[in-house]
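Asker:
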Amino acid sequence: MSSEQAFDPESYSIFVSEVRELLQCISTGVKRPHNHIDLHDLYRFVHTLKGVLAVYALDAAVVAAHKMEDHLHKLQTLREPLTKMERLRLQKSAQKVGREVVAGLRKLSAAKNRKSPRRSQSSEQLRVDAQRLIPIPSQQGPAEKLQNLKIPTLYDKVQAPPHTTMAPVLKKYLDTADMLARKLGKKIDIHFSGGEVPLPQTGMTLLFASLLHLIRNAVDHGIEPSSKRLAGGKAERGRLHLMARRHRGMFILCIADDGAGIDSRQVRNIALRRGLINKRDAARSSQDELVNLIFLPGFSLKKKVTEVSGRGIGMDAVKYAVEKHGGRILVKTEVGKGTAMKIMIPYV
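Quick note on the UniProt record's numbering: the sequence shown kicks off at 1 and runs consecutively.
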């Protein structure tokens, strides 16, 4: 993301809210008794936080979150009760992520100050936000002495300016797609409509953070490189369209690309290989049912885990967040033509 994009006041205000809430969720999760920690919930929150941090190029914090993901993945794979020492390791990992977020915010502030000798309001806000992330001094001693360990989060009083329409959210998604396309060397035209549409509910920060996974998947998985598109008779540049609208008491957000589409046979084979579905159920499933296996925890079309994708947790996080708000998500896809994800949430 360019410096101008990074300091867009509305986009930054959303970023502040997302980081604050995600860090608070992680903090709450690792403070629970060791035998009551929900590893999968933590996995969702850390993975989503990593995606949010990547938009603002907080690389060290992204790396710290990626390492915490590695640790959580290993713990889930072991399928053994969590020990007090493992809980302590998770707490230290959360501390590391929080400290790197602080450092990243300070660097953003310093960069803005170098560009403009007169400190702007957004730069000052960056500095204040960084200070309100609670850095925790290192503590030594047995695990028993660390039961009340505090994890760095943003104070509750760090509030982003409220927004009531989809405009800043859609702009942030557009910036994210543009940033990732440039990083992956893909040529994409990105458009959005429906910025005037009102938000359907309050407290949707985590939902909108989770939906970044759909943007990243469209760019990373969906839209092909230019050479492949040209070879397949497509336009050199891919297309990504984000559309919000209100219809019959429902908030609708559609994210559509003209990429490769989702091959239900490939989804079925991956799900079978990963033990996410048995052969009998796979044989009886419709094409739509097979495509919806992409929302299962642990499913990924990527063969290799990267800092962009491959964990098999992003789509699960999306489905969880949408359903938490009483909504649902529909997938329409055609191999070689593209994919459209439609999120529907009731207005309350």
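Where a beta carbon is used, it is the ideal one built from N, C-alpha and C, also for glycine. Predicted, not measured: the structure shown is a model, and the values here were computed from it.
Quick one: what's Gly238 bridged to in DSSP?
Answerer: In the sequence shown, residue 238 corresponds to position 238, counting from 1. Partner(s): Ile188.
Asker: Note down the Cα distance separating Ala317 from Arg44, rounded to an integer number of angstroms.
Answerer: Here residue 317 refers to the residue found at position 317 of the sequence shown. Here residue 44 refers to the residue found at position 44 of the sequence shown. If I take the Cα positions, the gap works out to 6 Å.
Asker: I need the DSSP call for Asp38, collapsed to helix, strand or coil.
Answerer: Residue numbering aside, residue 38 sits at position 38 when the sequence shown is read from its first letter. In the structure shown, Asp38 sits in coil (DSSP, three-state: anything other than H, G, I, E or B).
Asker: Using a Cβ-Cβ cutoff of less than 8 Å, which residues in the same chain neighbour Gly249 once the five nearest sequence positions on both sides are dropped?
Answerer: Working through the sequence shown from its first residue, we reach residue 249 at position 249. Excluding sequence neighbours, Gly249 sits near Pro346, Tyr347.
Asker: Consult DSSP for Gly338 and reduce its assignment to one of helix, strand or coil.
Answerer: For the purposes of this step, residue 338 is taken as the residue at position 338 of the sequence shown. In this structure, Gly338 counts as strand in the three-state DSSP scheme.
Asker: What do you get for Pro198, buried or exposed, if any count of 16 or more other CB atoms within 10 angstroms of its CB means buried?
Answerer: One-based indexing of the sequence shown puts residue 198 at position 198. Classification of Pro198: exposed, given that the 10 Å Cβ count is below 16.
Asker: Hey, out of Asp257, Thr28, Thr77, whose CA is closest to Arg229's CA?
Answerer: Here residue 229 is taken as the residue at index 229 of the sequence shown, counted from 1. For Arg229, the nearest C-alpha among the options comes from Asp257.
Asker: Suppose you measure from the CA of Ile223 to the CA of Gly233; what does that come to, to the nearest Å?
Answerer: Mapped onto the sequence shown, residue 223 falls at position 223. Mapped onto the sequence shown, residue 233 falls at position 233. Roughly 14 Å between the two C-alpha positions.
Asker: Give the secondary structure of Leu78 by DSSP, where H, G and I count as helix, E and B as strand, and everything else as coil.
Answerer: Residue mapping note: residue 78 aligns to position 78 of the sequence shown, counting from 1. Note: Leu78 maps to helix in three-state DSSP.
Asker: Does the distance from the C-beta atom of Leu82 to that of Ile37 stay below 7 Å?
Answerer: Mapped onto the sequence shown, residue 82 falls at position 82. Mapped onto the sequence shown, residue 37 falls at position 37. Yes. Within cutoff.
Asker: Decide if the stretch 43-61 is in contact with the stretch 231-246; the criterion is three or more beta carbon pairs, one per stretch, under 8 Å apart.
Answerer: Result no; under three Cβ-Cβ pairs closer than 8 Å.
Asker: To which residues does DSSP link Leu330 through a beta bridge?
Answerer: Reading the sequence shown from its first residue, position 330 is the one you call residue 330. Answer is Lys342.
Asker: Hey, residue 350 and Gly259: beta-carbon distance below 7 Å or not?
Answerer: Residue 350 cannot be examined here, being either before or after the span of the chain that is shown, 1 to 348.
Asker: Considering only their Cβ atoms, is the gap separating Gly194 from Ala231 smaller than 7 Å?
Answerer: As a working mapping, residue 231 is identified with position 231 in the sequence shown. As a working mapping, residue 194 is identified with position 194 in the sequence shown. No, they are not a contact pair.
Asker: Looking at the secondary structure, which residues open and close the beta strand (DSSP E) in which Met250 lies?
Answerer: Residue numbering aside, residue 250 sits at position 250 when the sequence shown is read from its first letter. From DSSP, the beta strand (DSSP E) with Met250 extends over 250-257.
Asker: CB of Glu21 to nearest heavy atom of the ligand SAM: below 6 Å?
Answerer: Judged by which ligands are present, the structure shown has none, so any question about the ligand SAM falls away.
Asker: With DSSP as the reference, label Thr48 as helix, strand or coil.
Answerer: The residue labelled residue 48 in the question sits at position 48 within the sequence shown. Of the three classes helix, strand and coil, the one that applies to Thr48 here is helix, per DSSP.
Asker: Within 7 Å of any Cβ in chain C, is that where the Cβ of Lys84 sits?
Answerer: Looking at the structure shown, chain C is missing, and only one protein chain is on hand.
Asker: Output yes or no for whether 7 Å exceeds the beta carbon distance between Ala321 and Leu207.
Answerer: Position 321 of the sequence shown holds residue 321. Position 207 of the sequence shown holds residue 207. A contact, by the Cβ cut-off of 7 Å.
Asker: Indicate the three-state DSSP secondary structure (helix, strand or coil) for Thr164 in the structure shown.
Answerer: Position 164 of the sequence shown holds residue 164. Residue state, collapsed to three classes: coil.
Asker: Quick one, which of Gly327, Ala181, Arg284 has its alpha-carbon nearest Met204's?
Answerer: For the purposes of this step, residue 204 is taken as residue 204 along the sequence shown, with counting starting at 1. Out of Gly327, Ala181, Arg284, Gly327 has the C-alpha closest to the C-alpha of Met204.
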